[in-house]
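Asker: Okay, so the sequence shown: first residue is 1 according to UniProt numbering, each after it adds one. Ideal placement from N, C-alpha and C gives every residue a C-beta, glycine not left out.
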Amino acid sequence: MRLASTGTILHGVSVGEVLGVSTLADARLIAGRAGLDRIVQRLNVMEVPDILAWVKPHELLLTTGYPLRNTPQSLDRLVADLDERGLAALAIKLGRYLDELPGEMVEQADRLGFPLILLPNDVGFDDILNQVLTDILNRQAAILARTEEAHRALVQIVLAGGGMREVTAEVAGLLQVAVGATDAAGHLLAAAGESAQVARLREINAALARTPAAPPAGGDGHYAAVPVVAGGHHHGRIAAYSAHGTLTPSDIGILERAATVAALVITKQEAVTAVESKYRADFLRDVLTGRGGLRVAERAQAFGWDLERPVSVLVAEIDPDAEERPVQDRMLAAWQASVRKHDPRGAVAGFSHEVVAIVGAAADPAKVARDALAAVSDGTFSTGLSRVASGADALPGAYGQALKAARVGRQLHGAGAVAHFDELGVYRLLSLVNDTDELHAFVRETLGPLAGDDDAENADLRRTLQALLETNLNVAETARRLHFHYNTLRYRIGKLERMLGNFTEDAHLRLNLTLALHVLRMRGI
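#1: For residue 64, tell me which candidate among 307, 103, 80 and 118 has the shortest Cα-Cα distance.
#2: What's the call for residue 164, buried or exposed, on a 16-neighbour Cβ count within 10 Å?
#3: Quick test of the definition: if touching needs 3 or more C-beta pairs under 8 angstroms, does the stretch 38-55 touch the stretch 77-89?
#4: Is the beta carbon of residue 384 sitting closer than 8 angstroms to the one on residue 372?
#5: State the Cα-Cα distance for the pair residue 284 and residue 145, rounded to the nearest angstrom.
#6: Tell me the rounded alpha-carbon separation between residue 17 and residue 132.
#7: What three-state label does DSSP hand residue 344 in the structure shown?
#8: Pick out the complete alpha helix (DSSP H) segments inside the stretch 352-430, 4 residues or longer, and give them in chain order.
#9: Can you tell which of 108, 120 and 116 has the C-alpha that lies nearest to the C-alpha of residue 96?
#10: Are the stretch 353-362 and the stretch 303-322 touching by the rule of at least three beta carbon pairs closer than 8 angstroms?
#11: Which whole runs of the alpha helix (DSSP H) in the stretch 156-216 are 4 residues long or more, in chain order?
#12: Residues in its own chain within less than 8 angstroms of residue 47 by CB, not counting five upstream and five downstream?
#13: Could you give the C-beta distance for residue 305 and residue 333, rounded to a whole number, given that I count them as a contact under 8 angstroms?
#14: How many whole angstroms separate the CB atoms of residue 179 and residue 168, which I take to be in contact at a CB cut-off of 8 angstroms?
#15: DSSP three-state label for residue 13, please.
#16: Mind checking which residues open and close the alpha helix (DSSP H) that includes residue 508?
#17: From residue 391 to residue 301, what does the alpha carbon distance come to, in whole angstroms?
#18: Extract the residue ranges of the beta strand (DSSP E) inside the stretch 16-95, only unbroken runs of 3 or more that lie entirely within it.
#19: Less than 8 angstroms separating the beta-carbons of residue 263 and residue 228?
#20: In three-state terms, what does DSSP make of residue 132?
#21: Would you give the residue range spanned by the alpha helix (DSSP H) that residue 451 belongs to?
#22: Can you name, in chain order, every residue of its own chain whose Cβ lies under 6 angstroms from the Cβ of residue 280, other than the five neighbours on each side?
#23: Buried or exposed: where does residue 236 fall if 16 or more other Cβ atoms within 10 Å of its Cβ makes it buried?
#24: Looking at the structure shown, is residue 317 part of a helix, part of a strand, or coil, going by DSSP?
#25: With C-beta atoms as the reference, is residue 23 less than 8 angstroms away from residue 128?
#26: To which residues of the same chain is residue 399 closer than 6 angstroms at the C-beta, ignoring the five residues directly before and after it?
#27: Are three or more beta carbon pairs between the stretch 471-482 and the stretch 415-426 nearer than 8 angstroms?
#28: State the DSSP-derived secondary structure class of residue 239, mapped to helix, strand or coil.
#29: Just mark residue 488 as buried or exposed, buried being the case when its beta carbon has 16 or more other beta carbons within 10 Å.
#30: Return helix, strand or coil for residue 253, following the three-state DSSP convention.
#31: Which residue marks the beginning of the alpha helix (DSSP H) containing residue 482, and which one marks its end?
#32: Taking residue 138 as the reference, which of 13, 242 and 162 has the closest Cα?
#33: To which residues does DSSP link residue 576 through a beta bridge?
#34: Measuring alpha carbon to alpha carbon, tell me which residue in 316, 490, 339 and 365 is nearest residue 407.
#35: Say the cut is 7 angstroms; is the CB of residue 56 nearer than that to a heavy atom of the ligand NAD?
#36: On the premise that residue 239 lies in contact with residue 230, defined as a C-beta separation below 8 angstroms, what is that separation, rounded to the nearest angstrom?
Below, the structure written as structure tokens:
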């Protein structure tokens with residue numbers, strides 16, 4: 001189905017209905033009964049031999065047989081040609097040019113389900129043309145009027161502030177079927193209609209959500225769906241299910257109008273959501289930077305947030321290699337869903353490069369972060385968690401902690417890291433050094449050849465040094481961790497001391513070596 005355009009006939013009447021008009025009261029169907037539901041949208045008269053070049057789909061072709069009077073043997077081939085071109089039926093007057101139709105022609109029409117109609121001799125073609133075309137145009141006018149009336153009713157719903165629930169209820173009432181609206185992921189947003197039909201519609205929708213390419217499974221009714229498109233984006237679909245009969249082209253037309261109105265609803269909701277998100281983000285940014293002013297907790301309650309209790313701040317910062325805008329949208333949606341699940345009174349807002357969440361101390365912030373991270377398949381943001389803040393006044397400090405944890409966590413563990421401020425330890429201090437060249441120089445001076453990975457043996461010796469420092473020079477424990485023989489490790493210790501100095505006896509050297517190894521762990525420094 002497509003929307004009507006001026007001068008285009010989109011609807012018609014079936015061949016069976018054509019046979020019911022008064023001028024064809026004495027007409028007789030002689031073959032092709034299986035095709036009585038073929039749709040007639042136009043009529044044509046065949047009185048020239050080359051008519052095949054001029055016929056169009058859904059035509060009822062009228063003829064006296066004059067062009068075929070000398071070649072009646074080609075009539076069975078004519079039926080196949082007309083059927084191949086999508087014609088609705090062929091109506092013939094016998095007696096003047098053709099006395100009878102060949103049996104092969106009748107058999108071919110029955111095999112193809114192509115109706116052959118024997119016209120009465122006392123009815124003129126002009127009478128048939130006038131009456132059938134009048135019926136077709138009246139049918140189209142009625143269908144268009146019904147569609148326009150439905151469109152006006154649906155637009156009025158939107159103007160009155162209605163949403164998907166009201167739109168589906170209106171369409172269900174007009175069509176007497178079950179109607180549902182889904183989002184782009186296939187989740188049912190609203191449904192209306194008879195309970196049994198709605199239940200079946202839900203089943204079909206669930207099946208399509210699992211395998212979108214699969215047709216609706218089973219059922220003795222009829223299912224149809226129309227996409228909802230706004231701003232060039234697919235936002236879901238409007239679907240209908242009828243247990244009592246097949247949905248007509250007119251019904252599909254009303255579904256298309258409903259999809260257009262649903263796009264208006266979605267556009268309006270997106271605009272409202274965008275404005276509300278901006279207000280939330282601006283307010284939360286002011287709170288986190290200490291510019292919230294008076295009555296912060298009271299104003300936060302207007303957004304459904306509780307900032308008077310002990311809370312933790314979480315910062316999810318987009319990783320450098322991510323495509324910012326699409327990732328930002330997915331991040332915000334994932335964090336909103338996760339916070340809503342773990343703490344309905346928590347706050348969430350999206351800033352230019354990050355998403356900030358505030359959750360109560362009773363919630364597990366690490367679990368909130370992991371759930372949000374799992375919802376974004378490409379894992380393109382790193383998350384930092386703050387200490388527990390006592391209330392709104394302590395939020396700026398907690399925000400700084402979470403931001404620091406996110407950035408240092410990424411340096412330590414790479415993209416997609418989740419780090420708590422309390423777990424940063426000495427890395428918090430190292431991250432405060434702005435002169436990274438000085439840090440690099442310190443590493444080179446302290447570790448010497450072990451500072452680079454150019455030599456595989458040096459990298460291996462650095463791992464041995466790391467294990468020794470972590471075990472407080474416990475040779476037996478280090479050998480166990482590295483799966484070395486005791487004597488092999490003693491040999492390596494001697495080699496390390498020749499390269500770095502007598503670190504087994506010099507506590508200050510061990511401290512420098514430990515710090516240098518920590519700096520190497522911080523990626524991006």
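Answerer: According to the data block:
#1: Translated into the one-based positions of the sequence shown, residue 64 becomes position 64. For the residues 307, 103, 80 and 118, the minimum Cα distance to residue 64 belongs to 118.
#2: Here residue 164 refers to the residue found at position 164 of the sequence shown. Buried: at least 16 other Cβ atoms inside 10 Å.
#3: yes
#4: For the purposes of this step, residue 384 is identified with residue 384 of the sequence shown, where counting begins at 1. For the purposes of this step, residue 372 is identified with residue 372 of the sequence shown, where counting begins at 1. No, Cβ-Cβ distance for residue 384 and residue 372 is not below 8 angstroms.
#5: Translated into positions along the sequence shown, residue 284 becomes position 284. Translated into positions along the sequence shown, residue 145 becomes position 145. Rounded to the nearest angstrom, the two C-alpha atoms are 51 angstroms apart.
#6: To locate residue 17, count along the sequence shown from 1; it is residue 17. To locate residue 132, count along the sequence shown from 1; it is residue 132. Cα-Cα distance, rounded: 9 angstroms.
#7: Numbered from its first residue, the sequence shown carries residue 344 at position 344. Three-state result, residue 344: coil.
#8: 365-375 and 395-413
#9: Taking the sequence shown and counting its residues from 1, the one referred to as residue 96 is at position 96. Out of 108, 120 and 116, 120 has the C-alpha closest to the C-alpha of residue 96.
#10: yes
#11: 164-175 and 195-210
#12: Walking along the sequence shown from the start, residue 47 turns up at place 47. Counting only Cβ-Cβ distances below 8 angstroms, and skipping sequence neighbours, we find 63, 64, 66 and 67.
#13: Here the question's residue 305 lines up with position 305 in the sequence shown. Here the question's residue 333 lines up with position 333 in the sequence shown. The Cβ separation is near 18 angstroms, so there is no contact.
#14: What you label residue 179 is simply residue 179 of the sequence shown in a count that begins at 1. What you label residue 168 is simply residue 168 of the sequence shown in a count that begins at 1. Their Cβ separation, rounded to whole angstroms, is 5 angstroms, which keeps residue 179 and residue 168 in contact under 8 angstroms.
#15: Within the sequence shown, the letter at position 13 stands for residue 13. If DSSP states are grouped into helix, strand and coil, residue 13 belongs with the strands.
#16: Here residue 508 corresponds to residue number 508 of the sequence shown, with the count starting at 1. Here the alpha helix (DSSP H) through residue 508 covers 507-521.
#17: As a first step, residue 391 must be located in the sequence shown, where it is residue number 391. As a first step, residue 301 must be located in the sequence shown, where it is residue number 301. Answer to the nearest angstrom: the Cα atoms are 14 angstroms apart.
#18: 28-31, 42-46, 59-63 and 89-92
#19: By 1-based counting over the sequence shown, the position of residue 263 is 263. By 1-based counting over the sequence shown, the position of residue 228 is 228. Yes, the Cβ-Cβ distance between residue 263 and residue 228 is below 8 angstroms.
#20: Position 132 of the sequence shown holds residue 132. Note: residue 132 maps to helix in three-state DSSP.
#21: Numbered from 1 along the sequence shown, position 451 holds the residue referred to as residue 451. Unbroken run through residue 451: none, as it is neither H nor E.
#22: Residue numbering aside, residue 280 sits at position 280 when the sequence shown is read from its first letter. Only 303 and 349 meet the Cβ criterion.
#23: The residue given as residue 236 occupies position 236 in the sequence shown. Per the 10 Å Cβ criterion, buried.
#24: For the purposes of this step, residue 317 is taken as the residue at position 317 of the sequence shown. DSSP places residue 317 in strand when its eight states are reduced to three.
#25: Position 23 of the sequence shown holds residue 23. Position 128 of the sequence shown holds residue 128. Going by C-beta atoms, residue 23 is nearer than 8 angstroms to residue 128.
#26: Position 399 of the sequence shown holds residue 399. Excluding residues within five positions, the ones whose Cβ falls inside 6 angstroms are 288 and 313.
#27: no
#28: In the sequence shown, residue 239 corresponds to position 239, counting from 1. Correct three-state label for residue 239: strand.
#29: Position 488 of the sequence shown, counted from the first residue, corresponds to residue 488. Residue 488 should be labelled exposed.
#30: Counted from its first residue, the sequence shown places residue 253 at position 253. Helix at residue 253.
#31: On the sequence shown, residue 482 is found 482 positions in, with the first residue counted as 1. 475-482 is the span of the alpha helix (DSSP H), which, as asked, contains residue 482.
#32: Locating residue 138 in the sequence shown gives position 138, counting from the first residue. The residue with the shortest Cα to Cα distance from residue 138 is 13.
#33: Look at the range of the chain in this structure, 1 to 525, and you will see that residue 576 is not part of it.
#34: For the purposes of this step, residue 407 is taken as the residue at position 407 of the sequence shown. The shortest C-alpha separation from residue 407 is found at 316.
#35: Among the components modelled here there is no ligand, and therefore nothing to report on the ligand NAD.
#36: By 1-based counting over the sequence shown, the position of residue 230 is 230. By 1-based counting over the sequence shown, the position of residue 239 is 239. Incorrect: roughly 17 angstroms between the Cβ atoms, too far for contact.
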